[in-house]
Amino acid sequence: MDTHIWLDERGTRCPLPIIALNRAVMEHPAGTVIALISDDPAAKFDVPAYCRLKNATLLSEGTPPGGGAGWVFNVQVNPTT
Numbered sequence: 074m075d076t077h078i079w080l081d082e083r084g085t086r087c088p089l090p091i092i093a094l095n096r097a098v099m100e101h102p103a104g105t106v107i108a109l110i111s112d113d114p115a116a117k118f119d120v121p122a123y124c125r126l127k128n129a130t131l132l133s134e135g136t137p138p139g140g141g142a143g144w145v146f147n148v149q150v151n152p153t154t
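Quick note: the sequence shown, position 39, residue 112 per this note's numbering, numbers continuous.
This is the structure:
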């Protein structure tokens, strides 16, 4: 069963949003979608790079629900091989 969780990391700066994302990826099973909300300018580059290097797929990125500063990144945990 796929799960969708939210990580609101607005107000934190590099490397904290990626640390939170990594913790969530490590703690949740394959198929989980993690919506990371961040207003850290570095996240725009760090999240896609993290997904390329780790066990995750960047599904989409866009604006946070209700607008506001930052981005929401939808990241899916991949099965381990």
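For each residue, glycine too, the CB sits at the ideal point set by N, CA and C.
In this model, S111 and G143 are separated by some 5 Å (Cα to Cα). The three-state reading of DSSP puts A116 in helix, counting H, G and I together.
Comparing C-alpha distances from E134 to each of A122, L109, N128, K127 shows the shortest one belongs to L109. Annotation for E100: no beta strand (DSSP E) segment contains it, though the alpha helix (DSSP H) segment containing it runs 89–100. Beta-bridge partners of E134 (DSSP): F146. According to the DSSP assignment, A108 belongs to the beta strand (DSSP E) that extends over 106–111.
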